[in-house]
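A.B. asks: In the numbering used here, the protein residues as written are 22 to 367. Built from N, CA and C at the ideal position, the CB exists for glycine as well.
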């Protein structure tokens with residue numbers, strides 16, 4: 022496939038990265054994502070087949086996308102996911118196929134995913150304490166997650182990452198412990214500020230443990246922390262840092278220091294809604310033209326036109342809200358499940 026020039030939006034941001042949700046279902050109920058007892062699920066008939074996802078990826082690759090990240094919900098709940106991975110890695114324009122998972126099912130599936138060509142895995146893990154994990158996720162699967170991390174490493178996944186959302190009063194006393202654990206597993210830790218995205222119905226600014234506070238904790242423990250800058254990674258959500266002993270970690274500071282001006286990622290929900298921003302109120306339906314027989318060129322025109330008109334700066338705009346509360350009330354989420362974090366992916 023010939024080299025494709027990236028489609029640029031109004032702010033000059035290229036379309037390079039696509040996050041594909043393969044399911045809205047999850048086997049955990051993490052407090053920053055799914056704190057409620059009941060949810061409105063996407064109809065099963067609306068969920069895109071692997072072939073439909075593969076076709077959309079091919080179309081997005083034509084618009085400049087080179088990186089795919091499979092998300093959910095929990096993507097490992099989607100049966101035979103390795104078959105989708107094999108399809109996606111078959112596109113010469115796609116240079117990176119990655120996966121974000123809560124790790125519960127990873128021990129059983131990591132080998133098949135690696136064999137299918139999956140390049141990278143990020144495991145979400147916010148606490149190492151079984152009692153906290155149970156309270157926070159409403160599940161007793163911490164050991165399964167830890168086994169999954171080991172299995173991924175043993176399966177040959179290099180560049181293993183671990184995501185930890187830091188919430189004041191919940192796990193801010195585990196900042197050092199999480200870093201030490203990640204290092205023991207050969208994983209790079211990324212701390213994430215608690216974000217007021219759809220689904221975070223218990224969010225408050227008081228619970229946000231900021232990037233500056235995280236750096237202060239780490240510098241007190243390890244000494245001066247060096248900020249790293251790689252111009253090749255200008256659009257990466259995490260700012261990376263190095264400890265005096267050489268260990269590297271990242272911080273995603275979307276709440277206090279948004280990176281909207283360099284964001285190059287789009288999102289596709291499991292039922293084919295195209296979102297230009299994690300905070301976008303509405304998406305663009307690609308399932309309808311996909312299933313009504315529209316040619317690739319027509320769908321590609323929808324994608325390119327939408328991206329060229331993009332001026333979204335969701336996190337940046339939220340940072341400017343004076344009296345900042347939750348993004349959506351429960352009623353608004355139930356009226357439109359596409360607003361849910363577990364539906365549009367992280």
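Tell me whether residue 310 sits in a helix, a strand or coil according to DSSP, three-state version.
C.D. replies: Here residue 310 is taken as the residue at index 289 of the chain shown, counted from 1. Residue state, collapsed to three classes: helix.
A.B. asks: Compute the beta-carbon to beta-carbon distance between residue 37 and residue 110, rounded to the nearest angstrom, for a pair I have assumed lies under 8 Å.
C.D. replies: As a position in the chain shown, residue 37 is number 16, starting the count at 1. As a position in the chain shown, residue 110 is number 89, starting the count at 1. 17 Å between Cβ atoms; not a contact.
A.B. asks: Mapping the DSSP letters down to three states, classify residue 302 as helix, strand or coil.
C.D. replies: On the chain shown, position 281 is the one that residue 302 refers to. Note: residue 302 maps to coil in three-state DSSP.
A.B. asks: Out of 261, 275 and 276, which has the shortest C-alpha to C-alpha gap to residue 269?
C.D. replies: Residue 269 sits at position 248 when you count from the first residue of the chain shown. Nearest option by C-alpha distance: 261.
A.B. asks: Please report the straight-line C-alpha distance between residue 208 and residue 182, rounded to a whole angstrom.
C.D. replies: Residue mapping note: residue 208 aligns to position 187 of the chain shown, counting from 1. Residue mapping note: residue 182 aligns to position 161 of the chain shown, counting from 1. Looking at the two C-alpha atoms, the distance is approximately 5 Å.
A.B. asks: Look up residue 191 in the DSSP assignment and say whether it is helix, strand or coil.
C.D. replies: Walking along the chain shown from the start, residue 191 turns up at place 170. It is coil, neither helix nor strand.
A.B. asks: Buried or exposed: which applies to residue 316, given that a residue is buried once 16 or more other Cβ atoms fall within 10 Å of its Cβ?
C.D. replies: Locating residue 316 in the chain shown gives position 295, counting from the first residue. Answer is exposed; the Cβ neighbour count stays below 16.
A.B. asks: Should residue 138 and residue 170 be called a contact, given that it needs their Cβ atoms to be closer than 8 Å?
C.D. replies: As a position in the chain shown, residue 138 is number 117, starting the count at 1. As a position in the chain shown, residue 170 is number 149, starting the count at 1. Result no, Cβ atoms of residue 138 and residue 170 do not sit closer than 8 Å.
A.B. asks: Let me make sure I understand the geometry here. Which of 364, 177 and 256 has the alpha-carbon closest to that of residue 131?
C.D. replies: In the chain shown, counting from the first residue as 1, residue 131 sits at position 110. Checked all of 364, 177 and 256; the closest Cα to residue 131 is 177.
A.B. asks: The alpha helix (DSSP H) with residue 39 in it runs from where to where?
C.D. replies: To locate residue 39, count along the chain shown from 1; it is residue 18. Per DSSP, residue 39 belongs to no alpha helix (DSSP H); it is in the beta strand (DSSP E), 38-42.
A.B. asks: Could you have a look at residue 23 and say whether DSSP puts it in helix, strand or coil?
C.D. replies: Residue 23 sits at position 2 when you count from the first residue of the chain shown. Because the pLDDT of residue 23 is 47, which lies under 50, any placement of that residue in the model is unreliable, and the number read from its coordinates should be weighed accordingly. Reduced to three states, the DSSP call for residue 23 is coil.
A.B. asks: Taking just the CA atoms, how far does residue 89 sit from residue 312?
C.D. replies: Position 291 of the chain shown, counted from the start, is the residue given in the question as residue 312. Position 68 of the chain shown, counted from the start, is the residue given in the question as residue 89. One C-alpha to the other measures close to 22 Å.
A.B. asks: Do you know offhand how far residue 247's Cα is from residue 240's?
C.D. replies: Residue mapping note: residue 247 aligns to position 226 of the chain shown, counting from 1. Residue mapping note: residue 240 aligns to position 219 of the chain shown, counting from 1. Taking the straight line joining both Cα atoms gives about 10 Å.
A.B. asks: Quick test of the definition: if touching needs 3 or more C-beta pairs under 8 Å, does the region 95-109 touch the region 68-78?
C.D. replies: As far as the Cβ criterion goes, the region 95-109 touches the region 68-78, which means the pair count is three or higher.
A.B. asks: Would you mind working out which of 113, 129 and 103 sits nearest residue 120, comparing C-alpha positions?
C.D. replies: In the chain shown, residue 120 corresponds to position 99, counting from 1. Here the closest residue by C-alpha is 103.
A.B. asks: Got a sec? Which residues, its chain only, sit under 7 Å from residue 228 by beta carbon, not counting five neighbours each side?
C.D. replies: Mapped onto the chain shown, residue 228 falls at position 207. Contacts found: 188, 189, 190 and 215.
A.B. asks: Can you name, in chain order, every residue of its own chain whose Cβ lies under 7 Å from the Cβ of residue 180, other than the five neighbours on each side?
C.D. replies: Against the chain shown, residue 180 aligns to sequence position 159. Contacts found: 141.
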